[in-house]
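Residues in the sequence shown are numbered consecutively from 1, following UniProt numbering. The C-beta atom is built at its ideal place from N, Cα and C for all residues, glycine as well. Remember, it's a predicted structure, so these values are computed and weren't measured experimentally.
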Amino acid sequence: YVRLSYDTRPELLVQLFTREWNLELPKLLITVQGGKANFDLQPKLKKVLRKGLLKAAKTTGAWIFTGGTNTGKEFDENAQRLHFQPN
1 YVRLSYDTRP ELLVQLFTRE WNLELPKLLI TVQGGKANFD LQPKLKKVLR
51 KGLLKAAKTT GAWIFTGGTN TGKEFDENAQ RLHFQPN
């Protein structure tokens, strides 16, 4: 998790991820956008969407970005939990 200012230079973010966090450069960027209010999905559909996004990120070497709103934060928390579970 990293919190950024609107005027953060992209090269600083890349440097943080690659040099400090030892991540490889992504082959794909995925953004998850949402609003301030909760986005209600059926639990089964929400689980399928979350697992599908994580699988897409893992298999393509993607980085996932969110806007940090309620929807993005919910995805972040679940993504971190699922990322560390065995397949």
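Query: In chain order, what residues of the same chain lie with their CB nearer than 8 Å to the CB of I30, ignoring the 5 residues before and after it?; Result: L53, A56, A57, A62, W63, I64, F65
Query: With distances taken between CB atoms, is the gap from L28 to T60 smaller than 9 Å?; Result: yes
Query: Would a C-beta distance cut-off of 9 Å place V14 and G67 closer than the cut-off?; Result: no
Query: Where F84 and S5 are concerned, what is the direct C-alpha to C-alpha distance, given to the nearest angstrom?; Result: Bear in mind that the predicted position of F84 carries a pLDDT of just 49, short of 50, making it unreliable; the figure below should be weighed with that in mind. If you take the alpha carbons of F84 and S5, they lie about 28 Å apart.
Query: Measure the alpha-carbon distance for E24 versus T18 and round it to whole angstroms.; Result: 6 Å
Query: Straight-line CA distance for R3 to K47?; Result: 26 Å
Query: What's the gap between the Cα of L16 and the Cα of Q42?; Result: 36 Å
Query: Give the DSSP-derived three-state secondary structure of V2 in the structure shown.; Result: coil
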